[in-house]
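Chemist: Residues 2 to 293 in our numbering are what the sequence shown lists, from first letter to last. For reference, the structure I am asking about is given below.
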Amino acid sequence: MDKISWALLLLLSFIWGSSFLLISLSLPVFGPSEIVLIRVLAAAITLTPWAWRHWHGHPAKLILSMMALGITNNAIPFALISWGQTGITSGFASMLNASVPLFGIIYAHLLTGDEKMRPNRVAGVVTGFAGVALLMSASLGSPNISFLHAGAIILSANCYALSTIYAKRFKLPSSLIAFCQVTGASMVTLPFALPALWTSLEMDQDLLIPLLSCLLLGVFGTAIAYLLYFTILRRAGATNIMLATLIVPIMAIYLGVTILGEEITNIQLAGFGVVSLGLLLVDGRILPKNWR
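Below, the structure written as structure tokens:
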């Protein structure tokens, strides 16, 4: 990768890493569905100027399919992560979320014809899931970590992985793909979350930090992150952008510890280390060429 691609990758990793912090800062006032609604609405508004340039000339059925994808790639995983963080720390949530590529490799092998397992991927997936198991074990018997909430993060990782494979079918401009997804997620979330959001906004409480966090989550953590993601994908390819999966938890852990005063246990760090090793094996660049 060139220097610009590295800079963009680090910026994207920081934005995604800070998203876990922003969710934690939003939760004292807003529930998970409310956070999702503000997030996707803010993202849709932000992406409108980019999407408008590519709106015309595409079949309505294709646009609607991409909006439906917003349910599994935005609404559901965003809600699961937000709810999951009511029972676990933001840093721990980011470690569990690093399992997305592991699930993606398995689903790609099962559901596509051109992304089959290679020896390094098999070794990486096995190693990575050993790390996930170690991470999940940190919630067993711990009064401060909920196994159920940790499981919600793992479920969201499955949503992301499946949605990514499904999205490859669509040949649309990247900004339009992102806009359609967050717009579809907004339409689905609105009837469920609006009454609760209205109640929260009417309550006599300090809204500044939680509301600002939700808006930043939508504008930067979703809209700008989408644009950065697709830019890096074009410049450096899918293999290099997977490095963000390794960097995001480091950013999230640092922000959680320094700003929220979170504690990270040794078993959590060990589990994330094993997951990281699995991802590096999947990536293959640490292996000899004849092993990939």
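The C-beta atom is built at its ideal place from N, Cα and C for all residues, glycine as well.
Three-state secondary structure (DSSP) at Val126?
Modeler: Here the question's residue 126 lines up with position 125 in the sequence shown. Collapsing the DSSP output to three states places Val126 in a helix.
Chemist: Hey, could you find the ends of the alpha helix (DSSP H) Met67 is sitting in?
Modeler: Walking along the sequence shown from the start, residue 67 turns up at place 66. Unbroken alpha helix (DSSP H) run through Met67: 61-71.
Chemist: When you compare only the Cα positions, how much space is there between Met137 and His57?
Modeler: Against the sequence shown, residue 137 aligns to sequence position 136. Against the sequence shown, residue 57 aligns to sequence position 56. Each residue's alpha carbon lies about 46 Å from the other.
Chemist: For Phe171 and Met118, I'd like the C-alpha separation in whole angstroms.
Modeler: Numbered from 1 along the sequence shown, position 170 holds the residue referred to as residue 171. Numbered from 1 along the sequence shown, position 117 holds the residue referred to as residue 118. Whole-angstrom Cα-Cα distance: 23 Å.
Chemist: Short of 6 Å in beta carbon distance, which residues of its chain neighbour Ala224, apart from the five on each side in sequence? Order them along the chain.
Modeler: If you number the sequence shown from 1, residue 224 lands on position 223. Here the set comprises Ala44, Thr47, Leu48.
Chemist: What is the rounded straight-line gap between the Cα of Leu270 and the Cα of His59?
Modeler: Numbered from 1 along the sequence shown, position 269 holds the residue referred to as residue 270. Numbered from 1 along the sequence shown, position 58 holds the residue referred to as residue 59. Distance between the alpha carbons of Leu270 and His59: 46 Å.
Chemist: What does the alpha-carbon distance come out to for the pair Val189 and Ile36?
Modeler: Along the sequence shown, read from residue 1 onward, the residue named residue 189 stands at position 188. Along the sequence shown, read from residue 1 onward, the residue named residue 36 stands at position 35. In a straight line, the C-alpha of Val189 is about 14 Å away from that of Ile36.
Chemist: Only counting the same chain, and skipping five residues up and downstream in sequence, which positions put a Cβ closer than 6 Å to that of Leu217?
Modeler: Working through the sequence shown from its first residue, we reach residue 217 at position 216. Answer for Leu217: Leu23, listed in chain order.
Chemist: Name the two residues that bound the continuous alpha helix (DSSP H) containing Lys117.
Modeler: Mapped onto the sequence shown, residue 117 falls at position 116. Per DSSP, Lys117 is not a residue of any alpha helix (DSSP H), being assigned neither H nor E.
Chemist: Of all the alpha helix (DSSP H) runs that stay within the bounds of the region 11-98, which reach a length of 4 or more residues?
Modeler: 33-53, 61-71, 77-85, 91-98
Chemist: With DSSP run on the structure shown, which of helix, strand or coil describes Gly285?
Modeler: For the purposes of this step, residue 285 is identified with residue 284 of the sequence shown, where counting begins at 1. It is coil, neither helix nor strand.
Chemist: Report the rounded CA-to-CA distance for Gly125 versus Ala253, giving the unit in angstroms.
Modeler: The residue labelled residue 125 in the question sits at position 124 within the sequence shown. The residue labelled residue 253 in the question sits at position 252 within the sequence shown. Approximately 23 Å, taken between the alpha carbons.
Chemist: For Ile89, which of Leu141, His110, Met67 has the nearest alpha-carbon?
Modeler: The count along the sequence shown starts at 1 and reaches residue 89 at position 88. Nearest option by C-alpha distance: Leu141.
Chemist: So, is Val30 buried or exposed, given that buried needs 16 or more other C-beta atoms within 10 angstroms?
Modeler: To locate residue 30, count along the sequence shown from 1; it is residue 29. Classification for Val30: buried.
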